[in-house]
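Residue numbers (the numbering used here), protein chains in the order written: chain A, 1 to 316; chain B, 317 to 568; chain C, 569 to 874.
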Amino acid sequence: MMSRRGMAALIIFALLAVTPPVLIFMGQGFFASVVTRMMIYAIAALSLDLILGYGALVSFGHAAFLGIGAYAVLMLNSLGVTDIAAQFGAAAVAAAVFAAITGTIALRTRGVYFIMITLAFGQMLYFFLISLSVFGGDDGASLPARSTIMGQGWLDHDLALFYLVLGILALCFLGLTRLTMSRFGRVLIGTREDALRMQAIGFRILPYQLTAYVISAMICSVAGVLLANQLEYVSPQLASWQRSGELIIMVVLGGIGSLTGAMTGALFTIGLEEGMARISEHWKLYFGLLLLAVVLFSPGGLATLAARITGKGRPE
Amino acid sequence: MSDVLLQVRGLRKSYGALAVTDDVSLDVQAGQVHAIIGPNGAGKTTLIAQLSGQLSPDAGRVVYDGNDITHLDMPGRVRRGLARSFQLTRILPQLSVLENVAIAVQARSGSSFRFWRGAASEAALNDQAMECLSEVGLAQKAHLPARLISHGEKRQLELAVALATRPRLLLLDEPLAGTGPDEAAMLVDLLARLRSRVTMMLIEHDMGAVFQLADRVSVLVYGRIVASGTPDAIRDDPAVRTAYLGEEEGTP
Amino acid sequence: MSNLLLLQVLNGAQFGILLFLVAAGLTLVFGIMDFINLAHGVLYMVGAYLMASLSMLTGSFWWGLLLTLPATMLVGLVLEVAIFRRLYDRPHLDQVLATFALVMILSEGVKIIWGAAPLNVSMPNLLSGSIPLAGPIRFPVYRLAIIAAGLATAFGLWFVIGRTRIGMLLRAGAHDRAMVSALGVDIGRLFMLVFAFGAMLAGFAGAMVSPILSVDPGMGDQILILGFVVIVIGGVGSIRGAFVASLLVGIIDTVGRIFGPIVLKMVLELDAATQAGRTVAPMLVYILMAAILCWRPNGLFGRTSA
């Protein structure tokens, strides 16, 4: 039998799949690109939820991997490599290396230290990207053309990009769902619940946490590759600490430790930002107030809030 | 009965000027139940922490089954069959009772770097976990979330988890802590049944349980072992009586 | 060359002193309340903006500075009473989110009140000039004044924490809150005091830096993250650690940015060296942090057992 969350995910994917034709029919085809971006951030949020929600590792440097993915596209493009598979591969390898090195150091610590160190490493990468004057330094650079698939420029069509992103989102969701229910996922959840208990039954927890950190980084770098293609513009801002904060917000608003929640949180957050930005140039003020209210008055995110309002108790 | 399974020599641990473990030496014979008693603050839990690898001692040696394990970490010791239970129950609240045990089985059977297949449907893990649960009498609660069972049942679960690591030596840190008389009696029966299979080091305040179970008793006061011997010898030792037993209620 | 190095070391020390003023409040709040406050950098920014307005309003740098201190303290108090005290017992993640929300709110609020364009604060006549350093190189008096003010603050903190009853309570509180409560001290009041004081120090740093940097809404971010680096290097809760680490980070960052490209160019003699130097220099402090963490996971002056 399918769980309620599984059903919810299926419904979300079905709705996403029919979005472009509906929007085009309504004459609002432009919004499809907004939805594409929402889905790309959903991939990034899923990856963050793996370590944040299942591993209880509050990483505040996750946007670095978004930046690594985006700059992989820009750099390979300048070398004439436009194939998206090659770009995915390069981004994932670069992200894995960066995550393995910084993760090994950061995971020696706990709590507040871990938050500060991941934040610092994220900032280190941010400054590295700014120093790349060949790629526009502070301002970044626009992408001459979108990536190609087997030499074909299919992604120049927004619809093709939309369905590629949807497909990858679905794959990530499926893969991570399996992972969280696997032996590995069980160990990861165990370390979240009680690290000492896990050691007392014979697990050395660092390799598991580091593996999760690296997997999470690789998935996020895939989102970075897609984001560069969607925006057709790459800048260090993609890797800023505010971006890392936004990724955490997405995961927490959706309900931490639930993949469906992380995905929904990302869709909701980007949607809300887009909507608010249209209403007021000072949307960040209102967004901040909303976030503060949620944290102070509804720990557990919007999912609990919604459940409380509708009186249905805590969702499973 | 002359095999020494655990040999502790000159173990020391201090926090600042305070020596919490002060030159502790003791032998645990294979197949026996060795109880450590002592007043609160005597350093019993700190001793267990050092024997299990959670804390590293400042000086001294721990030899287990002929190997020096002084510098081996906790997971390494567990894999060699040296497991512990905690005084304050440490279960994984979000997992089911069965999963709490199955994850301990998983730790010693095969790699846990498996990312796709569902762990909950692995019959080998679940069967062995179920065996451990039956052993402690918790099988009927297997599918409840662990956070919902009673305190006494959590103590049973704690034991089942330790058993699932297939220990040869079990370090039990107050297994009866916080239980009512009925639960305590049931747990003592359980430990009595286990003694034929597992060597145990038992820290316990319940003197009835200690003298019922132990083959040997060591008395720890202010980090020092002041006496060691058979339960009868300890009971009759005048020094122990004044130093410790006299203060305890319910001395048999 | 060596004169230039001396100049940069002094510049670095001045930057480090500023960092210390920000990090001191951060590390106290971390150490005593185990509370992570991302909004601390924003307090530095608010200090600079208040300074800009107040010095303009009063027409005097000194009056502006004098008024900015209680004003930022008040901002700290209001935030503590309204928001932070609800978060002390919450998980770190909640603290991160709530204070991140505050960063968004205050940064945007500042933009609404003062606009997004950078502001300038004029330097007092008394401190404008420069003094000869060595040979033809001169050092601005104002930067010397920042160093002096920072050193005085550091000394004051050392005195308060090491020699007074409040300091004794703070040190005890970092170890054991229950014990301090048992002494009959209102721990909530103590926290409030620490918070307001930390806010004032950050505001002081912002006010002091305003004549030599342009005041803009993003100025708090960089200093916040360097403040974290300082705390990680120095050890959470240690004022002495924060002081040493601040100077270390300030000097390495400043000297590295100027001399990194030069040194690399001497070694590599390639055009690429300039780029490489420019790339590595801003990363130096983070690499330093990583190296120190490998060596001492709790920082230079952190407690040895976590």
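Heads up, the beta-carbon is just placed ideally off N, CA and C, and yes, glycines get one too.
Query: Buried versus exposed, by CB contacts within 10 Å (16 or more), LEU404 of chain B; Result: exposed
Query: Burial state of ILE714 of chain C (16 or more Cβ within 10 Å); Result: buried
Query: Between the CA atoms of ILE385 of chain B and ALA439 of chain B - distance to the nearest angstrom; Result: 34 Å
Query: Environment of ASN416 of chain B [buried if 16+ CB atoms lie within 10 Å]; Result: buried
Query: Simplified DSSP state of PRO373 of chain B, which is helix, strand or coil; Result: coil
Query: At least 3 beta-carbon pairs within less than 8 Å: the segment 397-413 of chain B vs the segment 460-467 of chain B; Result: yes
Query: Host alpha helix (DSSP H) of ASP156 of chain A (start-end); Result: First-last for ASP156 of chain A: undefined, no H or E at that position.
Query: PRO686 of chain C, DSSP secondary structure in three states; Result: coil
Query: Buried versus exposed, by CB contacts within 10 Å (16 or more), HIS62 of chain A; Result: buried
Query: First and last residue of the uninterrupted beta strand (DSSP E) at LEU66 of chain A; Result: Note, LEU66 of chain A: premise wrong, no beta strand (DSSP E); alpha helix (DSSP H) at 63-78.
Query: Candidates C:GLY803, C:VAL831, C:ALA844 and C:PRO829: closest to MET857 of chain C by CA position; Result: C:GLY803
Query: Short-range partners of chain C found in the segment 88-108 of chain A, where Cβ spacing is below 7 Å; Result: ILE105 and ARG108
Query: Contact list for GLN199 of chain A against chain B, beta-carbon separation under 7 Å; Result: MET390 and PRO391
Query: Exposure label - HIS608 of chain C; buried when at least 16 CB within 10 Å; Result: buried
Query: Contacts that HIS660 of chain C makes with chain A (C-beta to C-beta distance below 8 Å); Result: VAL58, GLY111, VAL112 and ILE115
Query: Other residues of its chain near ALA455 of chain B: CB distance less than 7 Å, five sequence neighbours each side excluded; Result: MET446 and LEU449
Query: Extent of the continuous alpha helix (DSSP H) to which LEU492 of chain B belongs; Result: Note, LEU492 of chain B: premise wrong, no alpha helix (DSSP H); not H, not E.
Query: Residue-chain proximity (SER428 of chain B, chain A), Cβ-Cβ < 8 Å; Result: yes
Query: PHE763 of chain C and PHE652 of chain C closer than 8 Å at C-beta; Result: yes
Query: Under the three-state DSSP convention, the category PRO355 of chain B falls into; Result: coil
Query: At least three beta-carbon pairs within less than 8 Å, the segment 124-133 of chain A to the segment 60-74 of chain A; Result: yes
Query: Option in C:ILE793, C:GLY805, C:THR822 and C:GLY774 with minimal Cα separation from GLY636 of chain C; Result: Rather than Gly, the amino acid found at residue 636 of chain C in this sequence is Thr. That would be C:GLY774, whose Cα lies nearest to the Cα of THR636 of chain C.
Query: Separation of THR82 of chain A from PRO563 of chain C, as counted between CA atoms; Result: Outside the modelled stretch of chain C, which goes from 569 to 874, sits residue 563 of chain C, for which no answer is possible.
Query: Interface flag, GLN366 of chain B vs chain A, CB-CB below 8 Å; Result: no
Query: Cβ shell of ASP784 of chain C (< 7 Å), same chain only, five flanking positions each side left out; Result: PRO686
Query: Three-way DSSP call (helix, strand, coil) for ILE519 of chain B in this model; Result: strand
Query: CB contact below 8 Å: LEU196 of chain A versus chain B; Result: yes
Query: Through-space distance from ALA32 of chain A to PRO20 of chain A, alpha-carbon basis; Result: 6 Å
Query: Cβ of HIS62 of chain A within 8 Å of any chain C Cβ; Result: no
Query: Chain A contact for ALA858 of chain C (CB, 8 Å cutoff); Result: yes
Query: Identity of the residues DSSP links to GLY434 of chain B by a beta bridge; Result: A:SER182
Query: Close beta carbons around ILE550 of chain B, own chain, < 7 Å, minus the five adjacent residues each side; Result: VAL533, VAL535, ALA543 and VAL556
Query: Beta-carbon gap between LEU431 of chain B and PHE184 of chain A smaller than 8 Å; Result: Per the sequence shown, the amino acid found at residue 431 of chain B is Phe instead of Leu. Going by C-beta atoms, PHE431 of chain B is nearer than 8 Å to PHE184 of chain A.
Query: Which of helix, strand or coil DSSP assigns to SER698 of chain C; Result: strand
Query: Local conformation of ILE256 of chain A per DSSP, three classes; Result: coil
Query: Proximal residues, the segment 181-195 of chain A versus chain B, C-beta separation under 9 Å; Result: MET181, SER182, ARG183, PHE184, GLY185, ARG186, VAL187, ILE189, GLY190, ARG192, GLU193 and ASP194
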